[in-house]
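Below you'll find the structure, written out as C-alpha cells, and then a few comments.
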Amino acid sequence: MNATQEWKEAGLNFRQITPAIGVEVGGADLSKPVGEEQLQAIRKALCEHSLLLFRGQELPPEPHIEFSRRFGPLENHVLKQFCLPEHPEIFIVSNIVENGRHIGAHGGAKLWHSDLSYMEEPSLGSAFYCLECPSEGGETEFASMYAAYDALPEERRRWLDGRRAVHDYNYHYETFLTHRPPLTEEQKAKVPPVSQPCVRTHPETGRQALYLCYALVSHFEGMSPEESRPILKELTEFATQPAFTYRHAWKPGDLVFWDNRSAMHRACPFDEKGSRRLMYRTTIKGDRPFHRPAAAAA
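The sequence shown maps to residues 1 to 298 in my numbering.
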C-alpha cells in the first residue's frame, strides 16, 4: 500500500499519510455527535493504521470527552494537578506558567513510549488536541509497532515471542523525568511494576505488534537490568527507524488519535521559554495485553 491511497467510507474521506502508519480523516466535525456508521469506520481505520489525524477541529472539552468516550471509559491521570478543572478526564500538556506554577505536564516525554504501558490494563489510545503550538519544533513522532514487528529478523522474533518485560513508571520517572517534582508515596503506590508481553496481539485486528521500549521497561523477566538495557536500546532503535515513523507538525485545531496497542510516540523539543504550547489529551481505558502466536490467531 502506498502513502497516497485514498478511500471513502460512511461519508468520510480517508488518506493514508505514510505506508507504515497514519490516516488523515476528512469530513468529520468532532464538535458534534458522530453517527454509528462513521464511528465504526473511524474505529476500523484506527485499528488498522494506528493513528488518525483530524484537522481544523473546534473542540471544547465536552465534545472532546464525549468523542473519546465512544471508544471506551476514560482514564484519569495519576498527576491530578495537571487535569483540567471540572473536566478531570482531560490531561493538560503545556509549558505555560500561570500564578507561578505550570498549568500542565511540561518538558514533554521525549523518549519513545506507549501511554500507561506500566498499568496492568494500559490505555486503548489517546486523543490529543492542539490549542496552541510553537511556530517551530514541538512536533510529535509516532512509530508503527506492527511494521517494526513484521520487519524483525526471524531469530529476534522467535526470541521475543512469549517473552515478558517489566514496565515500571517509578523507574521511568526517577530516571528520565528528574525535571519534574518527585512523586508522592501515594502516587508511587498507584503504579507498581507490571509484567507485559514483549509481543502484543491486537485484540481487534489479530496482528502482532512489538510492545516494549527503552524508557519504560526496566528489564526483561529472567534477566538483569544490565543484561536487558542493550537489547532494549537495540529494539527501540530498530522500531523507530524512519521507515516505520511519522512526525506530525501541529497546527491549532489538530486532533490526533493514536492506538497505544500498536504504536509508540514521543515529543520533539521546542523553545519552552520563548513560545507557548497547550494541548488537551484524553486517554481511553484498554484491556490487559496478551500474546497469541500467529498460528493460533489465524
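We treat Cβ as the ideally placed atom computed from N, Cα and C, and that holds for glycine.
Within 8 angstroms, strictly: CB atoms of residue i and residue j
i	j	result
Ala48	Thr205	This sequence places Glu at residue 48; Ala is not what is there. Yes, the Cβ-Cβ distance between Glu48 and Thr205 is below 8 angstroms.
Lys233	Leu124	no
Phe270	Glu132	no
Cys268	His113	no
Ala249	Ser144	no
Glu89	Thr240	no
Ala127	His172	no
Pro328	Arg277	Nothing can be reported for residue 328, as the shown portion of the chain is limited to 1 through 298.
Arg200	Tyr146	no
C-alpha distance - residue i paired with residue j, whole-angstrom precision
i	j	result
Arg164	His291	10 angstroms
Gly104	Leu177	14 angstroms
Asn76	Cys83	8 angstroms
Thr184	Pro193	16 angstroms
Lys44	Gly100	44 angstroms
Arg15	Gly27	12 angstroms
Ala20	Ala243	7 angstroms
Tyr118	Pro197	12 angstroms
Pro33	Val25	16 angstroms
Leu59	Arg69	14 angstroms
Host beta strand (DSSP E) of residue i (start-end)
i	result
His248	245 to 248
Leu255	255 to 259
Phe238	Counting along the chain, Phe238 falls outside any beta strand (DSSP E), though it belongs to the alpha helix (DSSP H) covering 225 to 239.
Leu278	278 to 285
Under the three-state DSSP convention, the category residue i falls into
i	result
His172	helix
Phe82	helix
Leu116	coil
Pro197	strand
Phe67	helix
Lys8	strand
Ile42	helix
Cys268	coil
Ala165	strand
First and last residue of the uninterrupted alpha helix (DSSP H) at residue i
i	result
Gln187	185 to 189
Arg156	154 to 160
Ala148	145 to 151
Cβ contact (3+ pairs, closer than 8 angstroms) linking the segment 45 to 62 and the segment 243 to 253: Put simply, the segment 45 to 62 touches the segment 243 to 253. At least three CB pairs are less than 8 angstroms apart.
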